[in-house]
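Participant: Under the numbering used here, think of the first position of the sequence shown as 8, with each following residue one higher.
All C-beta atoms, glycine included, are put in the ideal place defined by N, C-alpha and C.
From a predicted model like this one, the values you see are computed outputs, not experimental measurements.
My questions will all concern the structure given below.
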Amino acid sequence: MAYRICVAWCGFGVWWARIACGIRYEVTGAENIPDGACVVLSKHESAWETLFLQSLLFPSTTVLKRELLSIPFFGWALRLLNPIAINRGEPAQALKAVLRQGEERLASGRRIIIFPEGTRARPGEQLPYNVGGAMLAARTGVPLLPVSLNSGDCWPRGTMLKRPGVIQVVIGAPIDSHGTPAKVLNARARDWIEAERATMSRIATATAPLSQNM
8 MAYRICVAWC GFGVWWARIA CGIRYEVTGA ENIPDGACVV LSKHESAWET
58 LFLQSLLFPS TTVLKRELLS IPFFGWALRL LNPIAINRGE PAQALKAVLR
108 QGEERLASGR RIIIFPEGTR ARPGEQLPYN VGGAMLAART GVPLLPVSLN
158 SGDCWPRGTM LKRPGVIQVV IGAPIDSHGT PAKVLNARAR DWIEAERATM
208 SRIATATAPL SQNM
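This is the structure:
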């Protein structure tokens, strides 16, 4: 019950962003979401997707840095989502936690949401993709689901300023993990995610008012 309440709270946050800030969204490829467990690798540009993906991919578990759990109110709510909290300062232990706890959550039918860049990227920025999510998929044989988005255009990191607009969320075809090395899986997901993100940027530039392109 507590988990469902927190997912509803996340949905309220997305709704409030639309009402208060004019941030809407469009989802392409929702039909690609597997019915059962999978590992989701998502682009990460803002706090928006940490809220939105909870309801889109219900039931799910998110891998996040443990420091977030200490934030008053926000962190307390995150705890009720039963995340996999890792210490990024200890990469080896963090990987073990993702693999061990991830296998348990997948076995219960949950989708595992991972932001492989480890932190929020700025629009147009590509950070190194950690291989942990791909390793989890390879070990368990579940599909790897790539998700690309451009939330940083409306909700950029490092500022309280929110810009009205439409966040594009594109879900790719599931990647079969059977018999494929984790590094190869990771590269396939990364290349697709970044190519989709670059396409979003090109479309945004081409359709922007002339005054913004001068």
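Where does the unbroken alpha helix (DSSP H) through Q108 begin, and where does it stop?
Facilitator: Indexing the sequence shown from 1 puts residue 108 at position 101. Per DSSP, Q108 belongs to the alpha helix (DSSP H) from P98 to A114.
Participant: DSSP on Y10, reduced to helix/strand/coil?
Facilitator: In the sequence shown, counting from the first residue as 1, residue 10 sits at position 3. Three-state result, Y10: helix.
Participant: Would you tell me roughly how many angstroms separate the C-alpha atoms of E74 and T57, rounded to the nearest one?
Facilitator: Translated into positions along the sequence shown, residue 74 becomes position 67. Translated into positions along the sequence shown, residue 57 becomes position 50. Whole-angstrom Cα-Cα distance: 15 Å.
Participant: Count the other CB atoms within 10 Å of the CB of F59; is the residue buried (16 or more) or exposed (fewer)?
Facilitator: Translated into the one-based positions of the sequence shown, residue 59 becomes position 52. It is buried - the Cβ of F59 has at least 16 other Cβ atoms within 10 Å.
Participant: Can you tell me the Cβ-Cβ gap for I40 and C161, rounded? I've got them flagged as a contact below 8 Å.
Facilitator: On the sequence shown, position 33 is the one that residue 40 refers to. On the sequence shown, position 154 is the one that residue 161 refers to. No, I40 and C161 are not in contact; Cβ-Cβ is about 23 Å, not under 8 Å.
Participant: Out of P181, A44 and V176, state which residue places its alpha-carbon closest to the alpha-carbon of M222.
Facilitator: The structure shown does not extend to residue 222, since the chain spans only 8 to 221, so no value can be given for it.
Participant: Residues bridged to V177 by DSSP?
Facilitator: Working through the sequence shown from its first residue, we reach residue 177 at position 170. Note: V177 sits in a beta bridge opposite T35 and S155.
Participant: Which residues in the same chain have their Cβ closer than 8 Å to the Cβ of P181, if we skip the five residues on either side of it in sequence?
Facilitator: For this step, residue 181 is matched to residue 174 along the sequence shown. Result list for P181: N39, P41, C45, P150, L151 and L152, in chain order.
Participant: Three or more beta-carbon pairs under 8 Å between the region 192-201 and the region 135-142, yes or no?
Facilitator: These segments touch.
Participant: Please say whether L71 and V47 have beta carbons closer to each other than 8 Å?
Facilitator: As a working note, residue 47 is residue 40 in the sequence shown. As a working note, residue 71 is residue 64 in the sequence shown. Not a contact, by the Cβ cut-off of 8 Å.
Participant: Using DSSP bridges, identify the partner residues of T2.
Facilitator: No answer is possible for residue 2: the residues shown for the chain start at 8 and end at 221.
Participant: Quick one: Cα of G159 to Cα of I93, how far?
Facilitator: Position 152 of the sequence shown, counted from the start, is the residue given in the question as residue 159. Position 86 of the sequence shown, counted from the start, is the residue given in the question as residue 93. So the alpha carbons of these two residues sit roughly 24 Å apart.
Participant: Does the beta-carbon of A37 have 16 or more other beta-carbons within 10 angstroms, so that it is buried, or is it exposed?
Facilitator: To locate residue 37, count along the sequence shown from 1; it is residue 30. So A37 ends up on the exposed side.
Participant: Out of I91, N157 and I200, state which residue places its alpha-carbon closest to the alpha-carbon of G179.
Facilitator: As a first step, residue 179 is located in the sequence shown; it is residue number 172 there, counting from the start. Answer by Cα proximity: I200.
Participant: Where does V47 fall in DSSP's three states?
Facilitator: Position 40 of the sequence shown, counting from 1, holds the residue named residue 47. Correct three-state label for V47: strand.
Participant: Which residues share a DSSP beta bridge with R118?
Facilitator: Working through the sequence shown from its first residue, we reach residue 118 at position 111. DSSP, once it has assigned bridges, lists S67 as partnering R118.
Participant: Could you tell me whether the Cβ atoms of Q108 and L88 are closer together than 8 Å?
Facilitator: In the sequence shown, residue 108 corresponds to position 101, counting from 1. In the sequence shown, residue 88 corresponds to position 81, counting from 1. Contact: no.
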